[in-house]
Amino acid sequence: MTPTGSRTQRQRSAEMRARLIDATIHCLRTGGYGYATTRNIAASAEVSLGALAHQFAGRTALIAAAIDEVGRRCVDELARRVRSIPADDPRRPAEILDAAWAIFDSDLFVVWIKVWAAAAEDDGLYAALAPVEKELSRAIAATVDQLIPDGMTASRWKARSSVVLAAMRGVAFANALEPRDSVAADKWPIVRGELLALVEAR
């Protein structure tokens with residue numbers, strides 16, 4: 001096979017993987033983890049089960065790859081939002097907090113939540129997701145670390161920022177998974193005010 005042909009084959013393979021990953025994210029978003037079977041994913045991607053099996057060893061590997069892509073998109077979107085905030089903007093703390101919340105409140109993070117809930121009872125899926133979760137948590141924590149008040153010690157800020165991130169994660173999980181018989185009031189405006197006061201306190 002010629003080098004050109006080899007590159008074309010690699011490109012086709014990469015395009016197929018991307019197509020399957022996008023289809024997996026779509027299935028997770030619209031139907032949840034239980035719906036995201038290899039059969040439904042292949043149908044959504046409009047490919048055969050054989051083509052799927054050629055790219056991924058099984059459902060767990062495919063879903064792990066999809067969640068890795070979800071994490072990458074979340075990190076990229078968070079970085080884009082923070083870059084758009086001027087360094088001298090007096091509202092920068094509030095805007096950084098809002099940028100972090102926009103990730104927790106996104107459709108992509110809901111996909112993340114649905115898979116993490118399933119991973120609690122699936123050791124293989126849990127092991128596949130753990131390194132991806134670590135990277136996303138690191139990126140979000142690094143963003144929140146930009147809010148550290150002057151003069152505050154790193155250890156004190158770490159404790160405070162842990163509260164901020166746990167609160168945002170908790171609201172996101174409640175919004176995504178909490179059983180409801182009606183549309184619940186948005187908890188974020190109240191939580192936001194408390195968290196902003198916390199991060200700005202000396």
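Heads up: the sequence shown begins at 1 in full-length UniProt numbering, then just goes up one per residue. Beta carbons: idealized from backbone N, C-alpha and C, even for Gly. On a predicted model such as this, the values are computed, not experimentally measured, just so you know.
Using a 10 Å radius around the Cβ and a threshold of 16 neighbouring Cβ atoms, would you call residue i buried or exposed?
{"i": "Ala23", "result": "buried"}
{"i": "Leu195", "result": "buried"}
{"i": "Val163", "result": "exposed"}
{"i": "Ser155", "result": "exposed"}
{"i": "Ser161", "result": "buried"}
{"i": "Gly124", "result": "exposed"}
Give the straight-line distance between the Cα atoms of residue i and residue j, rounded to the nearest whole angstrom.
{"i": "Arg83", "j": "Arg192", "result": "21 Å"}
{"i": "Val199", "j": "Cys74", "result": "22 Å"}
{"i": "Val70", "j": "Phe109", "result": "8 Å"}
{"i": "Ala159", "j": "Lys134", "result": "18 Å"}
{"i": "Ala167", "j": "Asp145", "result": "15 Å"}
{"i": "Ala43", "j": "Ile85", "result": "41 Å"}
{"i": "Ala120", "j": "Gly170", "result": "16 Å"}
{"i": "Ile103", "j": "Leu78", "result": "7 Å"}
{"i": "Ile63", "j": "Ile190", "result": "35 Å"}
{"i": "Arg12", "j": "Ser48", "result": "15 Å"}
{"i": "Thr37", "j": "Leu28", "result": "9 Å"}
{"i": "Gly50", "j": "Thr8", "result": "20 Å"}
{"i": "Asp107", "j": "Leu147", "result": "25 Å"}
{"i": "Ala118", "j": "Trp157", "result": "32 Å"}
{"i": "Leu129", "j": "Tyr33", "result": "14 Å"}
{"i": "Ala66", "j": "Pro93", "result": "32 Å"}
{"i": "Lys187", "j": "Pro179", "result": "15 Å"}
{"i": "Ala174", "j": "Ser137", "result": "18 Å"}
Smallest Cα separation from residue i: which of the options?
{"i": "Thr143", "options": "Glu121, Asp186 and Asp98", "result": "Asp98"}
{"i": "Arg81", "options": "Val171, Ile140 and Ile21", "result": "Ile140"}
{"i": "Gly151", "options": "Asp89, Asn40 and Ala201", "result": "Ala201"}
{"i": "Gly58", "options": "Ile21, Ser137 and Arg72", "result": "Ile21"}
{"i": "Ala45", "options": "Leu125, Asp105, Met16 and Ala66", "result": "Met16"}
{"i": "Ala100", "options": "Arg39, Ile148, Leu165 and Ala130", "result": "Leu165"}
{"i": "Asp105", "options": "Ala197, Leu177 and Arg91", "result": "Leu177"}
{"i": "Tyr126", "options": "Ala87, Thr60, Thr153 and Asp186", "result": "Thr60"}
What I want to know is whether the C-beta of residue i ends up closer than 7 Å to one or more non-hydrogen atoms of the ligand ADP.
{"i": "Val132", "result": "Annotation note on the ligand ADP: not contained in the displayed structure, which lists no ligands."}
Let's see if you can read the secondary structure: which residues bound the alpha helix (DSSP H) around residue i?
{"i": "residue 223", "result": "An answer regarding residue 223 cannot be provided, because it is not within the stretch 1 to 202 covered by the chain."}
{"i": "Pro93", "result": "Arg92 to Phe104"}
{"i": "Asp68", "result": "Arg59 to Arg83"}
- Query: Taking contact to mean at least 3 C-beta pairs separated by less than 8 Å, is the stretch 47-58 in contact with the stretch 102-115?
  - Reply: no
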